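Q: What follows is a single structure, and I will ask about it in a moment.
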Amino acid sequence: MSKRITIDPITRIEGHLRIDCEVDGGKVTKAWASGQMWRGVEQILLGRDPRDAWAITQRICGVCTTVHAITSVRAVENALQLEVPLNAQYIRNLIILAHAVHDHIVHFYHLSALDWVDVVSALKADPDKTAALGESLSSWHLNSKHEMRAVHQRLSSYVKTGQLGIFTNGYWGHPAMKLSPEVNLLATAHYLQALEVQRKANKIVSILGSKTPHIQNVAVGGVANAIATDSQSVLTVERLLAIKTWIDELADFVKNVYLVDVAAVGAFYADWTKVGPGCLNYLSVPDIPLDTKGTQFAMPGGYIAGGDLGSFKQIKGFNDQYWRDGVEESVKHSWYKGGKGALHPYKGETQPEYTDFKDDGKYSWVKSPTFYGKPAQVGPLSRVLCMYLAGHEPTKKYATQTLETVSALAKTKVGIDALHSTIGRHAARAISCAVQVDLLAGQWQALIDNIGKGDVKTFNKPTFPKGEQMGVGFHEAPRGVLSHWVVINDGKIKNYQCVVPTTWNAAPRNEKDEPGPYEAALLGTPVADAELPLEVLRTVHSFDPCLACAVHLTDLETRNTVTVKVV
Amino acid sequence: MTSARAQVVVLGIGNILLSDEGVGVRAIEALRQRFDLPADVNVIDGGTSAMELIDDLSRAKLLIVVDAVKAGRPPASIVHLSGNDVPVFFRSKLSPHQIGLSDVLASLELLGEAPQETIIVGIQPVSLSLGMELSGEVKAILPEVVDLVVADLRSHGIEVQSRRNFPA
């Protein structure tokens, strides 16, 4: 007999997501993803100056401030066909990459590792054995006996206070938790170290962006950073050198800790390489532009249809027509007025029409985007698969290295097919992070070299002609493809639509009633105990949901507790 | 860029796209306009962010959080919490943002770097609808909110100078 589980809200994510599953025979047989907040930022932007849109859109979400700022200026620049000075591209790229590294580390350690790591079990670990295990896996300097004893001590005294604080909502002792106490302690130590190391990435964004969490330096046409080699108030050599030190520290952690931990979790939970594939249409966009027009990129992107790696088609630049013509959004199952079929974002409408949660009708504030009529998964897995197929050498290197580590630990050959899974999305995120931390160093060098040539230009002034212009800005954000679509008329915003990564992934059923990526990935996910659906959370968290921008607020009553309702 | 760690942090949080939801941010903007603060007071527009704030809040002597709170009070009333009421505030989740901030503070606790003292200045919102303007009622009490923050700073021995064109 099938049971219905409702988890509302999903915890340890940004924003408010509700997941409903039907479970039969210990597996999910039907699933619904529902964004429980309404987003209306598009309405706020109508009639405004396009040069102000970036500052407003970066307020959509507390996690992805910078990504919206950058995508917004790219959209307006695309509408004006405005070139961006090289220094501005490099500075934006550094911000993008530092933010991505920050986001991936925080997502793995602080938002999702607790689905796999049992912190309470770590108390039973032998710190010396843990250190021996850590040292066998990597050369990271903080896997020592001294460090593991200190962490064990700190954790014990924290738990003794009787308040688990940040660890309160964990499924401690759940039968699906499989790691040994030593692995749990090692992961907990890295959780704490990650809290330290993520600060370095944030400092880079803070210096280049003039401020965090909301950067101040972006402008349509470039960046507002003045470059000089002799002044304290602007971007100096001294500050650039400090940034390089932090990049090196981040690279050490990402390659010697994050990548290794993900491989270890993947090996110990090898059965999860077969869970949660779902939607095998993968979409990513190229990013890290290397020229002023946005035709050359350090990270390639494209589209893979139906998991057929031979079908890969590359998306080439900011003016790519294949990309621009492929995107549509349906509201058939979303709480908006519809009836016009799926609409292209330039024609997109966001008029709310709330009904109750209707299984076969409308049930979410998230729209349902499609690429040439098909739902598509976005995020690090799509990014890594597309870069791999585009022949991107750094991606091939880190992907191969990670799969070899997993194979060695699991004592069985694990190939790239294993990435089409819940645990595969975590592995891809770590591979992507390693690629991006190397690019961070590369873009730093490119900026230094360019300034060395005497180029200090950072801004091209935009001019807005009479009449109508349309533009799309895209960005391969940490959670995947983000695009802003703007229609400008006589220098004012006439229409604005944000199609964000979580909209792609958390999409409800589309015009043809096909499930979105979360919904598809949940099918077949095992559920040992319907009252404690940890496995459902694992699959949903693997996408790194960020609902705040997929939809936006107005759930007035903040809930006090997580409801897991089983009917 | 701050090199030396600020001893005192005044943190305004909220989403300015949702009218009164952004009152914390609007309050610190008003604070900056009306007063000159010493260099070791870091006034932060936190928006709706979370982990990005860890570094700024680490080892602060005093943290004053200004935020919209749902405290079951009449609309546009002000709540001032200090001492033992602060942990209760976070446990009972009165603010739409506490998830982010409470995680940051819990993480700092785990690192042994939690602020020594935390004060919450909360405002019961009137409207959370879409828009970048505060409701008339909340706008009207904004000066009072700022005065409360200034009084807290002064009672902790911090010199706060009102700017000439903005009589306190």
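These protein sequences, in sequence, are chains A and B. Residues 0 to 566 (numbering that gives the first Met the number 0) make up the first sequence, in order. Residues 0 to 167 (numbering that gives the first Met the number 0) make up the second sequence, in order. Note that the Cβ used here is the ideal one computed from N, Cα and C, for glycine as well. Quick caveat: nothing in here was measured; it's all calculated off a predicted structure.
At the level of alpha carbons, what is the spacing between Gln97(B) and Ile53(B)?
A: Locating residue 97(B) in the second sequence gives position 98, where the first residue counts as 1. Locating residue 53(B) in the second sequence gives position 54, where the first residue counts as 1. With a pLDDT of only 45 at Gln97(B), under 50, the local geometry of the prediction cannot be trusted, and the value read off the model is given with reservation. About 14 Å.
Q: Would you please state the rounded distance, in angstroms, between the beta carbons of Asp66(B) and Gly23(B)? I believe it to be under 8 Å.
A: The count along the second sequence starts at 1 and reaches residue 66(B) at position 67. The count along the second sequence starts at 1 and reaches residue 23(B) at position 24. That belief holds up - the Cβ atoms of Asp66(B) and Gly23(B) are roughly 4 Å apart, short of 8 Å.
Q: Quick one: does Leu191(A) have its CB under 9 Å from some CB of chain B?
A: Against the first sequence, residue 191(A) aligns to sequence position 192. Interface residue, yes.
Q: Assuming contact is defined by CB atoms lying nearer than 9 Å, are Gln313(A) and Gly300(A) in contact in what I supplied?
A: One-based indexing of the first sequence puts residue 313(A) at position 314. One-based indexing of the first sequence puts residue 300(A) at position 301. Against a cut-off of 9 Å, the Cβ pair of Gly300(A) and Gln313(A) comes out as a contact.
Q: Ile53(B) by DSSP, collapsed to three states: which one?
A: Here residue 53(B) refers to the residue found at position 54 when the second sequence is read from its first residue. Reduced to three states, the DSSP call for Ile53(B) is helix.
Q: Is there a Cβ from chain B that is less than 9 Å from the Cβ of His213(A)?
A: For the purposes of this step, residue 213(A) is identified with residue 214 of the first sequence, where counting begins at 1. For His213(A), the answer is yes, since a Cβ of chain B falls inside 9 Å of its Cβ.
Q: Only counting runs of 4 or more residues, tell me where the alpha helix (DSSP H) segments fall wholly within the stretch 21–95 of chain A, in order along the chain.
A: Those alpha helix (DSSP H) runs which fall completely within the stretch 21–95 of chain A and span 4+ residues are 40–44, 52–56 and 64–79.
Q: Considering only DSSP beta bridges, list what Asn488(A) is partnered with.
A: Position 489 of the first sequence, counted from the first residue, corresponds to residue 488(A). Answer by DSSP bridge pairing, in chain order: Glu467(A) and Lys491(A).
Q: Sort Leu113(A), Pro374(A), Leu402(A) and Gln400(A) by Cα distance to Gly169(A) and report the nearest one.
A: Looking up residue 169(A) in the first sequence gives position 170. Comparing Cα positions, the closest option is Leu113(A).
Q: So, with DSSP's three-state summary, where would you put Cys278(A)?
A: Looking up residue 278(A) in the first sequence gives position 279. Reduced to three states, the DSSP call for Cys278(A) is coil.
Q: Assign Pro37(B) to buried or exposed, taking buried as 16 or more other Cβ atoms, counted over all protein chains shown, within 10 Å of its Cβ.
A: Numbered from 1 along the second sequence, position 38 holds the residue referred to as residue 37(B). So Pro37(B) ends up on the exposed side.
Q: Exposed or buried, which one is Ser154(B) when buried takes at least 16 other CB atoms within 10 Å?
A: For this step, residue 154(B) is matched to residue 155 along the second sequence. Looking at its Cβ environment, which holds fewer than 16 other Cβ atoms inside 10 Å, Ser154(B) is exposed.
Q: With distances taken Cα to Cα, identify the nearest neighbour of Asn224(A) among Glu513(A), Leu282(A) and Leu93(A).
A: Within the first sequence, the letter at position 225 stands for residue 224(A). Nearest option by C-alpha distance: Leu93(A).
Q: Under three-state DSSP, which class holds Gly221(A)?
A: As a first step, residue 221(A) must be located in the first sequence, where it is residue number 222. Strand.
Q: Less than 6 Å between C-beta atoms, sequence neighbours within five positions excluded: which residues of the same chain meet that for Gln197(A)?
A: Position 198 of the first sequence holds residue 197(A). The answer, listed in chain order, is His101, Ile104 and Val105.
Q: Flag Pro86(B) as yes when its Cβ comes closer than 8 Å to any non-hydrogen atom of the ligand FAD, and as no otherwise.
A: This structure lacks the ligand FAD; in fact it carries no ligand of any kind.
Q: Go through its chain and collect everything with a Cβ distance to Gln57(A)'s Cβ below 6 Å, but skip five positions before and after it.
A: Against the first sequence, residue 57(A) aligns to sequence position 58. Here the set comprises Thr64, His67, Ala68 and His213.
Q: Comparing the C-beta of Asn580(A) with each C-beta of chain B, is any distance below 9 Å?
A: Only positions 0 to 566 of chain A appear in the structure, and residue 580(A) is not among them; the question remains open.
Q: Per DSSP, Val65(B) is paired with what?
A: The sequence position of residue 65(B) within the second sequence is 66, counting from 1. Answer is Gly11(B) and Val120(B).
Q: Going by DSSP, which residues form a beta bridge with Arg327(A)?
A: The residue you call residue 327(A) lines up with position 328 of the first sequence. For clarity, residue 327(A) is Glu in the given sequence; the question names Arg instead. Answer is Thr369(A), bridged to Glu327(A).
Q: Spatial neighbours of Thr103(B) within its chain, please: C-beta separation below 6 Å, excluding the five flanking residues on both sides.
A: Translated into the one-based positions of the second sequence, residue 103(B) becomes position 104. Position check: residue 103(B) holds Val in this sequence, whereas Thr was assumed. If we look at Val103(B) and ignore the five residues flanking it on each side, its Cβ neighbours are Ala49, Leu52 and Ile53.
Q: Give the DSSP-derived three-state secondary structure of Ser138(A) in the structure shown.
A: Reading the first sequence from its first residue, position 139 is the one you call residue 138(A). DSSP places Ser138(A) in coil when its eight states are reduced to three.
Q: With burial defined as no fewer than 16 other Cβ atoms inside 10 Å of the residue's Cβ, what is the status of Ala150(B): buried or exposed?
A: The residue you call residue 150(B) lines up with position 151 of the second sequence. It is exposed - the Cβ of Ala150(B) has fewer than 16 other Cβ atoms within 10 Å.
Q: Count Cβ pairs between the stretch 506–515 of chain A and the stretch 135–150 of chain A that sit closer than 8 Å; are there 3 or more?
A: No: fewer than three Cβ pairs fall under 8 Å.
Q: Between which two residues does the alpha helix (DSSP H) containing Met386(A) stretch?
A: If you number the first sequence from 1, residue 386(A) lands on position 387. Segment Pro379 to Leu388, the alpha helix (DSSP H) holding Met386(A).
Q: Indicate the three-state DSSP secondary structure (helix, strand or coil) for Arg478(A) in the structure shown.
A: Mapped onto the first sequence, residue 478(A) falls at position 479. In this structure, Arg478(A) counts as coil in the three-state DSSP scheme.
Q: Counting beta carbon pairs with one atom in the stretch 537–544 of chain A and one in the stretch 413–426 of chain A, are three or more of them shorter than 8 Å?
A: The stretch 413–426 of chain A vs the stretch 537–544 of chain A: in contact.
Q: Can you name the residues of chain B whose CB is closer than 9 Å to the CB of Thr64(A)?
A: Within the first sequence, residue 64(A) is the residue found at index 65, counting from 1. Chain B residues near Thr64(A): Gly46, Thr47, Ser48 and Glu51.
Q: Among residues of its own chain, excluding the 5 on either side of Ser598(A), which ones have a beta-carbon nearer than 8 Å to its beta-carbon?
A: This structure leaves residue 598(A) out entirely; chain A is present only between 0 and 566.
Q: Check for me: the beta strand (DSSP E) holding Leu522(A) runs from which residue to which?
A: The residue given as residue 522(A) occupies position 523 in the first sequence. No beta strand (DSSP E) holds Leu522(A); DSSP gives it neither H nor E.
Q: Quick one, which of Gly24(A), Ala30(A), His98(A) and His15(A) has its alpha-carbon nearest Val535(A)'s?
A: In the first sequence, the residue the question calls residue 535(A) occupies position 536. It is Ala30(A) whose Cα lies nearest to the Cα of Val535(A).
Q: Alpha carbons only, please: which of Phe107(A), Ala130(A), Thr394(A) and Ala269(A) is nearest the one belonging to Thr411(A)?
A: By one-based count along the first sequence, residue 411(A) stands at place 412. The candidate whose alpha carbon is nearest that of Thr411(A) is Ala269(A).
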